[in-house]
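Input: a single structure, listed below in C-alpha cells.
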Amino acid sequence: MRKDSKKNVRLLENFPPSTPEEWRKAADKLLKGKPFDKVMIANSPEGIRLEPIFWKEVLDGLDAAESLPGFDSYLRGTNASGYNHKPWEIAQELPYGTPAEFNQATLEDLMRGQNALNIILDIATLKGVDPDGAKPGEVAACGLSIACLQDLRTAFKDIIPDAISFHIRSGCSGLSIGAIFFAWLMEQGTDLKKIKGSIGMDPIAVQAAAGTLPVKLKNLLDEQAILAHFCTKEAPGIKAITVSTLPYHQAGCSAVEELGIALATGACYLQEMTERGISINEAANQIRFSFAIGPNFFMEVSKFRAARVLWANVVSAFGGNTEAQKIHVHARTGLFNKTKNDPYVNMLRTTTEALSGVIAGVDSLCVGNFDEVTRLPDTFSRRISRNTQIILQEECELTGIVDPAGGSWAVEWLTNQIAEKAWSFFQETESKGGVIPALKDGFIQDHIAATAQGMDKQLNQRRMSLVGTNVYPNVDEQQLEEKPIDYTELRDNRAREIAAARVELDEDADAKVMSALNDILEADGNTLMPALIDAVQTGATLGEITKTLRASVEPEDAIKPLPSARLAAKYEALREASNAFEVNTGQRPLIFLCNLGPLRRHKLRADFTKSFFAAGGFKIISPNGFEDPKEAVDALAESGAGITVVCGTDDDYVERFAEYAKAIKAALPDTRIVLAGFPGDNEKAFRTAGMDDFIFIKSNNYEVNRTYLEGLGVL
Numbered sequence: 001m002r003k004d005s006k007k008n009v010r011l012l013e014n015f016p017p018s019t020p021e022e023w024r025k026a027a028d029k030l031l032k033g034k035p036f037d038k039v040m041i042a043n044s045p046e047g048i049r050l051e052p053i054f055w056k057e058v059l060d061g062l063d064a065a066e067s068l069p070g071f072d073s074y075l076r077g078t079n080a081s082g083y084n085h086k087p088w089e090i091a092q093e094l095p096y097g098t099p100a101e102f103n104q105a106t107l108e109d110l111m112r113g114q115n116a117l118n119i120i121l122d123i124a125t126l127k128g129v130d131p132d133g134a135k136p137g138e139v140a141a142c143g144l145s146i147a148c149l150q151d152l153r154t155a156f157k158d159i160i161p162d163a164i165s166f167h168i169r170s171g172c173s174g175l176s177i178g179a180i181f182f183a184w185l186m187e188q189g190t191d192l193k194k195i196k197g198s199i200g201m202d203p204i205a206v207q208a209a210a211g212t213l214p215v216k217l218k219n220l221l222d223e224q225a226i227l228a229h230f231c232t233k234e235a236p237g238i239k240a241i242t243v244s245t246l247p248y249h250q251a252g253c254s255a256v257e258e259l260g261i262a263l264a265t266g267a268c269y270l271q272e273m274t275e276r277g278i279s280i281n282e283a284a285n286q287i288r289f290s291f292a293i294g295p296n297f298f299m300e301v302s303k304f305r306a307a308r309v310l311w312a313n314v315v316s317a318f319g320g321n322t323e324a325q326k327i328h329v330h331a332r333t334g335l336f337n338k339t340k341n342d343p344y345v346n347m348l349r350t351t352t353e354a355l356s357g358v359i360a361g362v363d364s365l366c367v368g369n370f371d372e373v374t375r376l377p378d379t380f381s382r383r384i385s386r387n388t389q390i391i392l393q394e395e396c397e398l399t400g401i402v403d404p405a406g407g408s409w410a411v412e413w414l415t416n417q418i419a420e421k422a423w424s425f426f427q428e429t430e431s432k433g434g435v436i437p438a439l440k441d442g443f444i445q446d447h448i449a450a451t452a453q454g455m456d457k458q459l460n461q462r463r464m465s466l467v468g469t470n471v472y473p474n475v476d477e478q479q480l481e482e483k484p485i486d487y488t489e490l491r492d493n494r495a496r497e498i499a500a501a502r503v504e505l506d507e508d509a510d511a512k513v514m515s516a517l518n519d520i521l522e523a524d525g526n527t528l529m530p531a532l533i534d535a536v537q538t539g540a541t542l543g544e545i546t547k548t549l550r551a552s553v554e555p556e557d558a559i560k561p562l563p564s565a566r567l568a569a570k571y572e573a574l575r576e577a578s579n580a581f582e583v584n585t586g587q588r589p590l591i592f593l594c595n596l597g598p599l600r601r602h603k604l605r606a607d608f609t610k611s612f613f614a615a616g617g618f619k620i621i622s623p624n625g626f627e628d629p630k631e632a633v634d635a636l637a638e639s640g641a642g643i644t645v646v647c648g649t650d651d652d653y654v655e656r657f658a659e660y661a662k663a664i665k666a667a668l669p670d671t672r673i674v675l676a677g678f679p680g681d682n683e684k685a686f687r688t689a690g691m692d693d694f695i696f697i698k699s700n701n702y703e704v705n706r707t708y709l710e711g712l713g714v715l
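Laid out in C-alpha cells, this is it:
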C-alpha cells in the first residue's frame with residue numbers, strides 16, 4: 001500500500017467548476033456551427049422553454065432551498081416521513097363487468113400485492129339505471145355492473161372491509177352507489193369509521209366528458225353535499241368528492257392546463273360545499289384528486305409537486321387550516337400516448353410514468369395494462385402492471401427517500417414554472433366565472449383543442465415520437481388477439497338477474513321496498529342517506545332508488561363534450577388498412593427503393609425512407625444500389641410497385657437523378673417517383689425530369705402515408 005493512499009484528496013479544489021460561459025463555448029464547438037437554440041432548446045406543449053442544462057442560480061428566489069417535507073406549502077410532500085411511514089397504495093383497476101368476474105380477479109390480485117380496490121363502474125351504473133332499463137353497450141362494458149345489494153355481496157365476497165381501501169368512481173351517482181356500498185358494510189358488521197377510501201362524485205368531469213348530465217348540476221351538487229356530510233360524520237375515512245382530470249388528459253391537454261382545471265374544479269366544489277353548510281376544513285378533507293400521468297418524466301414529477309403547493313394556496317384562501325391544505329392525490333398512467341401497435345412498448349411507457357408519480361409522492365397509483373386499448377386484461381397483463389409497482393416499492397426501494405427530486409435544479413425550476421403557468425390558467429378560468437361557465441362557453445374545450453392540435457402536428461412531422469407507431473414501426477408484428485365481448489348478451493343476462501331478484505320478493509318484502517322508497521321522498525338532507533341505505537337493505541335496486549331520488553328534476557343543458565382520443569389512433573388506422581389490403585390481395589402496399597450507387601452513398605436515405613413509410617404499413621423493397629437506369633427500371637417493373645423512392649447523396653441527385661427519372665417515366669409512366677431528401681434549388685429541374693414528390697425530415701409523415709395509401713386504393 002502506498003504511504004500517501006490515505007491522504008484526503010480535495011478533488012473539487014483541484015478541479016474548479018466550469019462557468020456557464022465555458023460550458024456554452026464547449027457546447028457550441030461540438031455543434032459545429034449548428035444554431036444552439038434550434039438544437040439544444042426544446043419548447044413543451046405547456047409553453048415552457050426547456051434549457052439543456054440548469055445552474056444553481058435558478059433556485060435564487062425560490063422556496064425550494066428552505067422547504068422540508070410535511071411543512072410550509074407542502075412542496076416536498078404532505079408527510080414528513082414520505083413513504084417510510086406509509087407507501088403509496090397499489091390501486092389497480094379491474095375493469096370486469098360482472099360481479100363474479102370482478103370478485104375472481106380481485107381475490108387473485110389482493111393475494112399478489114394489490115392493497116386497494118380501484119373500482120370503475122359501467123355506464124348504466126354511473127347513470128343510476130338498472131340493467132333491464134339500459135341499452136346494450138351500457139352494461140358491463142369497461143366497468144362493473146352494480147344494481148343491488150346482492151351484486152356487492154358477490155363482488156366483495158371474502159374481502160375483509162377494513163383491511164384494504166375502497167375507491168369507487170361514482171361519477172354523478174354517488175348517493176345511490178354509496179347507499180349500496182354502506183348497506184353492504186353494515187351487513188358485514190363493519191365499523192364505518194374504520195373504512196378507508198372514496199366514493200368520488202365528480203359531476204363536472206362527467207359533464208366535460210359526456211356533454212350531458214341526467215339532472216341539473218345544482219341538484220347533483222346538492223347530492224354531493226349530502227354524501228360529503230354523511231361521510232364526514234359517519235365514515236371520515238371515506239372521501240365523497242373526486243376531482244378527476246382524466247377526461248381533459250384524454251382530450252390532449254397539457255400538464256399546465258390539467259393542473260389549472262383541477263384547481264378550478266376543486267375550488268368550485270369547495271365553494272359549493274361551504275354554501276351548503278359544510279365547513280371549509282371538512283369540505284377540503286372530502287376531496288381526492290385523480291390525475292393522469294403523461295410521458296414527459298420531469299414535467300410530470302414537477303406537476304404533482306406544483307399541485308401540492310397550489311392546492312394549499314386555494315384552501316388557504318378559503319380559510320382552511322394547514323391540515324385541510326394537504327392534497328390527496330391518486331394518479332393513473334394516461335391513455336393518450338398508448339398504442340395498439342407494438343403494445344409491449346406500453347409496458348415501458350407505464351413504467352416511466354409510474355416512476356414519475358412515485359418520485360413526486362402520489363398517494364395511490366394505478367398502472368394501466370399494456371393491452372388496455374385493445375382488450376380486457378388477462379392474468380398476465382394485470383400481473384405485469386401490478387408488479388411494476390411492487391418492483392418500485394420493494395426492489396428499487398423508492399419508499400426509503402423522502403422527495404428524492406427535491407433540490408434538483410431542473411425539477412425545482414420546472415416545478416415553479418408549472419406552478420406559475422397553472423395558476424395563471426386557473427385565474428383565467430376563474431375570470432370566465434369558474435370552471436362551469438368556462439366549460440359551457442367552450443373556453444376549456446377550445447384551449448385543450450389547440451394544445452392537442454399542436455401535439456398532433458408534432459407527431460405528424462415525427463418531432464414527437466411514438467415508438468412502434470411513427471418511429472421504428474414493425475409492419476410484420478403479430479397483432480394482439482382482441483377477444484371481442486358480446487355486450488348485448490351480457491346486458492340481457494344482467495337484466496334477467498335483476499328482474500329475477502325483483503320477482504323473488506314476496507308481498508311483504510315488496511311492501512317494505514315501496515315503503516322505503518316513499519321514505520326517500522319524505523327525507524331531508526340529514527335523513528336522506530339513511531333512508532337510501534334502508535331502501536337498499538329492504539331490497540330496492542339502484543335504478544329504483546335513483547329514480548325516486550330524482551323524481552322531479554330536469555336534465556342539464558348540453559355542452560360541447562371533450563373528445564376522447566389517442567395520439568396513435570390515426571396511424572393505427574393506416575396500419576389496419578394496410579393489413580386488410582394484404583389479406584385481400586396477398587401482399588402489402590409496396591414501395592420500391594431506387595438506390596443509387598454503393599451502399600455507403602444511399603444507406604442513410606434508404607434507412608430514413610424505410611422508417612418513414614413503414615409507419616403507414618408499406619412493404620419496402622430495397623435492392624442493392626444501381627449503376628444503370630435500365631437495371632433499375634427492370635427491377636422496379638418486376639417488383640410491381642407503383643411508387644419508387646430514389647435514394648442517394650445530393651451529388652448523385654445532381655448528376656444522375658434526371659436520367660433515372662426519365663427512364664422510369666418512359667417505361668412505367670404511372671409510377672410515382674419520390675426523391676428522398678430536400679431538393680432545394682433543384683426542385684424545378686427534378687420535377688421537369690419526372691419527380692412527383694419528395695420527402696425529408698420536415699415532411700408531414702402521416703399525410704404523406706395517407707395520401708399514398710389513398711392513391712393505391714388501400715384507403
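Just so it is clear: in the sequence shown, position 620 is 620 by UniProt numbering, and no numbers are missing.
Glycine included, each C-beta is placed from N, C-alpha and C at the ideal position.
Quick caveat: nothing in here was measured; it's all calculated off a predicted structure.
DSSP lists Val645, Asp693 as the bridge partner or partners of Val674. Cys268: member of the alpha helix (DSSP H) spanning 255–275, first to last residue.
By a beta-carbon distance limit of 8 Å, Leu599 does not contact Phe626. Their separation comes to about 12 Å.
Taking each of Ile327, Arg276, Ile697 in turn and checking the Cα distance to Phe291, the smallest one comes out for Ile327. Excluding residues up to 5 positions away in sequence, Pro377, Ser381, Ser385 lie with their Cβ nearer than 6 Å to the Cβ of Asn369 in the same chain. If you ignore the 5 residues before and after Pro236, its C-beta comes within less than 7 Å of the C-beta of Lys193, all in its own chain and listed in chain order. Taking C-beta atoms under 8 Å as the contact rule, Thr609 and Leu590 fail to qualify, at a distance of about 13 Å. The beta carbons of Thr322 and Pro555 sit no closer together than 8 Å.
By the Cβ criterion, the stretch 359–367 is in contact with the stretch 295–315, since at least three pairs of Cβ atoms, one from each stretch, lie closer than 8 Å. Distances from the CA of Ser145 to each of Ala689, Asp122, His167 were compared; the closest alpha carbon is that of Asp122.
Secondary structure of Ala209 (DSSP, three-state): helix. Thr154 places its beta carbon 8 Å or farther from that of Pro95.
In this structure, DSSP gives Thr339 a state outside helix and strand, which the three-state scheme calls coil. Residue nearest to Val633 within the set Ala667, Tyr653, Thr649, Ser622 is Ala667 (criterion: CA-CA distance). Following the DSSP letters along the chain, one finds Ser244 inside the beta strand (DSSP E) bounded by residues 238–244. In the assembly as shown, Ala163 is an exposed residue. Its beta-carbon has fewer than 16 other beta-carbons within 10 Å. For Cys148, there is no enclosing alpha helix (DSSP H), as DSSP marks it with neither H nor E.
DSSP assignment within the stretch 68–150 yields the following whole alpha helix (DSSP H) runs of 4 residues or more, N-terminal first: 99–110, 123–127.
The stretch 379–467 contains, as complete alpha helix (DSSP H) runs of 4+ residues, the segments 379–390, 409–431, 435–440, 443–460 (chain order). If you ignore the 5 residues before and after Glu51, its C-beta comes within less than 7 Å of the C-beta of Ile41, all in its own chain and listed in chain order.
Here the alpha carbons of Asn14 and Gly468 stand approximately 48 Å from one another. Relative to the Cα of Thr707, the nearest Cα in the group Val206, Ala577, Ile559, Asn518 belongs to Ala577. Between Asn701 and Arg491, the C-beta spacing is not below 8 Å.
Counting the other CB atoms within 10 Å of its CB gives Pro16 a total below 16, which places it among the exposed residues. The beta carbon of Trp88 lies closer than 7 Å to those of Val358, Val362, Asp363, Ser364, Leu365 in the same chain, with the five residues before and after it left out. Taking every protein chain shown into account, the CB of Pro131 has 16 or more other CB atoms within 10 angstroms, so this residue is buried. Under DSSP, Leu542 takes part in no beta bridge, so it has no partner.
Per the DSSP secondary-structure output, Leu365 pairs in a beta bridge with Ile90, Ala331. For the options Glu394, Asp158, Leu259, Asp441, the alpha carbon positioned closest to that of Tyr83 is the one of Glu394.
Around the beta carbon of Ala324, 16 or more other beta carbons lie within 10 angstroms, which makes this residue buried. With contacts defined by Cβ atoms closer than 8 Å, Ile204 and Ile241 do not form a contacting pair.
Distance from the CA of Ser176 to the CA of Gly197, rounded to the nearest whole angstrom, comes to 17 Å. Annotation for Ala637: Ala667, Leu668 place their beta carbon closer than 8 Å to its own, counting only its chain and skipping 5 residues before and after. Unbroken alpha helix (DSSP H) runs of no fewer than 4 residues, entirely contained in the stretch 274–321, are found at 280–285, 297–317, following chain order. Looking at the backbone, the Cα of Ala105 and that of Arg112 are separated by about 11 Å.
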